[in-house]
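These notes concern the structure reproduced below.
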Amino acid sequence: MWKFSWSTILSAIFLAYMAHSIYSLVSIFIPPKCQDAHCVKSYLTAKPKLQLVIGTTAKRSIRSMSDLTVVDRWAPFEYTEELISKNITVPLPRSTRRNGSLYMYAFAFPYSGSNDWEKEAQSRQSMVAMIQLTEYLVPEAEPFNLLNKVKKEETTDNVDPSKKPKEEKESTQKKDMTKTVAHIAKRMRLMMLVEPLVLPIKDLPMDIGSLISFLSSDTYLPPLRFDKFGSRLKNFYQINQTEESFELSLEFSPSSIGYLRLAQQFQAAMETMTTLGFSAKDLDEVKGIFSDTNIYLLAVTMFVASVHLIFDFLAFKNDISYWKSRKTTVGLSSRTTLWRCFSQIVVFLYLLEEKSSLLVTIPSAIGTCIEVWKVTKAFKVSINFEKGIPRIKFGQLSETEKLTAKHDIESMRYLSYIMYPLCLGGAMYSLLYVPHKSWYSWTIQSLVYGVYSFGFLFMLPQLFVNYRLKSVAHLPWRAFMYKAFNTFIDDLFAFIITMPTAHRMACFRDDIVFLIYLYQRWLYPVDKTRLDAGGEFEVDVPDEQQKKTN
């Protein structure tokens with residue numbers, strides 16, 4: 002019989018909310034249909050000949066075409082082509098090179114074959130798009146070889162600072178730079194609603210109404226926009242004060258009404274997220290999910306992400322409930338628990354070092370706190386205050402727990418013969434041949450690559466304890482299954498959300514461990530008639546066997 006559970010109720014409500022969100026997302030791509038005579042048609046319905054003029058300026062707003070530096074002109078403008086791509090040389094004004102801004106304008110207007118396009122650009126049929134080509138970002142620290150840096154410092158300690166090489170001075174200045182500097186886009190996309198949609202005037206959605214402008218009572222000008230929604234931070238590079246121009250890859254492609262509406266709503270959401278404290282990098286990661294993904298894959302991703310979030314919540318809930326009610330550590334590898342805590346801390350520090358998305362960092366931070374708490378339970382750590390001074394005490398192990406600890410120590414001894422040489426060798430290789438940002442960066446990366454590359458070996462102590470006790474009844478299987486489901490979901494997100502390569506490979510590593518645990522569960526059947534007070538199965542080791550093994 003079904004039992005009332007707040008977890009089930011909340012999960013159902015959350016899934017219903019996500020289903021409604023997916024429906025709303027898909028409906029954005031379905032334009033409204035005109036059912037009566039009060040309709041407006043697109044100016045492009047008659048397929049007029051157009052031309053496109055591209056210009057740049059250091060001013061945010063212009064009064065006349067003379068304020069622009071024209072960088073390219075497409076005459077005629079084949080706006081029905083699926084993709085037009087050109088490399089344009091864009092001059093950099095002195096103000097832009099001195100940490101200023103640069104804007105790009107695009108004008109699409111009728112083409113009559115005349116070269117006097119400035120007058121034609123003032124016509125009522127002219128469509129205008131504007132975007133800021135510059136973004137103010139904190140420059141990335143350049144990695145370098147740590148050992149070569151030490152040797153270089155030793156040989157230049159006695160050198161007059163004024164006589165040091167120019168390159169070294171510039172690198173020192175870059176390292177001291179912590180403020181934002183101007184970066185400029187090297188790739189930009191222009192788009193226009195080419196599809197001749199017939200829209201209703203009465204039931205026209207507000208977001209569509211803000212995109213179009215009316216040419217007459219029955220004709221509208223289609224929106225011409227630069228794709229700021231699809232502009233990623235990886236397409237920006239730091240401006241060099243010595244360069245007077247740069248190459249810009251400009252693309253044009255027709256756009257759907259759904260993409261334009263999504264970009265507009267997303268821009269409003271980004272402004273809200275910025276006020277909540279999200280960084281530009283976090284917003285860029287979310288932007289990449291929406292802009293680089295097919296709409297159908299995006300809907301599936303949203304649904305899978307919601308399921309992943311529910312499994313995360315249920316796994317945390319059941320894991321905490323299991324360890325909270327657990328009175329003994331029989332059958333549980335304390336060293337595996339300690340290793341998971343250590344590895345989780347290292348992974349969290351690594352994600353901070355790599356400035357990963359909050360979508361990855363926040364769950365890692367929550368998992369780290371839980372793993373630290375589990376270590377205190379596994380080792381029976383308690384804090385007592387004596388005369389106001391905190392004292393850390395460790396609880397005593399029972400005879401059955403000592404048997405588990407013996408198998409645990411045995412497995413760790415065998416494991417150390419393999420792990421220590423591999424980790425030390427990998428750290429030395431990284432120090433000699435791989436550039437790093439700092440010694441801290443090298444330490445964190447060496448630890449995390451040891452965790453990711455050989456971390457699954459530290460799962461072996463628990464597998465070894467299971468093998469010795471011929472039982473898996475002591476494991477928190479409900480929480481474990483939720484985590485296992487999430488490992489397969491992580492395989493999907495490994496290709497969608499930006500994350501370090503090592504963290505991406507670790508998602509596939511967990512699949513192997515999960516399959517081994519499933520094999521042990523099949524190999525050692527659980528006697529369901531023996532249930533402990535915490536809701537988990539206990540391993541019963543006879544006293545005589547305990548005395549023999551001890």
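Here the sequence shown is numbered in my numbering, starting from 2 and rising by one per residue. Cβ atoms here follow ideal geometry from the backbone N, Cα and C, with glycine treated the same way. Fair warning: this is a prediction, and the values are worked out from it, not measured in the lab.
- Annotated as distal: aspartate 208 and valine 41, with beta-carbon spacing of 8 Å or more.
- Contact check between the stretch 108-119 and the stretch 68-78: three or more CB pairs, one atom from each, fall below 8 Å, which counts as touching.
- In this structure, lysine 87 places its C-beta atom within 8 Å of the C-beta atom of aspartate 73.
- Rounded to the nearest whole angstrom, the CA to CA distance from leucine 416 to valine 139 is 43 Å.
- Between serine 335 and alanine 406, the beta carbon gap of about 7 Å places them in contact (Cβ cut-off 8 Å).
- Sorting Glu354, Thr330, Asp204 and Thr135 by C-alpha distance to the C-alpha of tryptophan 440 places Glu354 at the top.
- Each of Arg341, Ser67, Gln268 and Leu53 was checked against the Cα of serine 127, and the nearest Cα belongs to Leu53.
- The three-state secondary structure of leucine 198, taken from DSSP, is coil.
- Restricting attention to Lys381, Glu372 and Val361, the CA atom closest to the CA of serine 344 is found in Glu372.
- The C-alpha of alanine 485 lies about 15 Å from the C-alpha of glutamine 521.
- Going by DSSP, glycine 56 is part of the beta strand (DSSP E) stretching over 51-58.
- Aspartate 320 counts as buried, since at least 16 other C-beta atoms from the protein chains shown sit within 10 angstroms of its C-beta.
- When secondary structure is reduced to three states using DSSP, arginine 262 falls in the helix class.
- Annotation: the continuous alpha helix (DSSP H) that includes tyrosine 351 extends over 335-354.
- Distances from the alpha-carbon of serine 102 to those of Gln239, Ser326 and Leu448 put Gln239 closest.
- Going by DSSP, histidine 39 is part of no beta strand (DSSP E) at all; its letter is neither H nor E.
- Between arginine 190 and serine 254, the C-beta gap is smaller than 8 Å, which places the two residues in contact.
- For leucine 433 against tryptophan 443, the beta-carbon gap comes to about 11 Å, at or over 8 Å, which does not count as contact.
- Comparing C-alpha distances from valine 348 to each of Lys394, Asp409, Leu277 and Gly451 shows the shortest one belongs to Gly451.
- About 13 Å separates the Cβ atoms of proline 33 and leucine 212, ruling out a contact at the 8 Å cut-off.
- Counting along the chain, the unbroken beta strand (DSSP E) around leucine 251 starts and ends at 246-255.
- For glutamate 387, the uninterrupted beta strand (DSSP E) segment begins and ends at 382-387.
- For proline 526, no beta strand (DSSP E) encloses it, and the DSSP letter there is neither H nor E.
- The Cβ neighbour count for tyrosine 104, taken over all protein chains shown within 10 Å, is at least 16; the residue is labelled buried.
- As a beta-bridge residue in DSSP terms, arginine 226 pairs with Met192.
- Excluding five sequence positions before and after serine 214, the CB atoms of its chain that fall closer than 7 Å to its own CB belong to Tyr221 and Leu222, given in chain order.
- Membership of isoleucine 209 in the alpha helix (DSSP H) is indicated by the continuous run 207-210.
- Going by DSSP, leucine 404 is part of the alpha helix (DSSP H) stretching over 400-434.
- Closest in C-alpha terms to isoleucine 55, from the list Leu251, Phe395 and Ile393, comes Leu251.
- Counting the other Cβ atoms within 10 Å of the Cβ of isoleucine 258 gives 16 or more, which makes it buried.
- The C-beta separation of threonine 329 from glutamate 402 comes to about 6 Å, placing the pair in contact by the 8 Å criterion.
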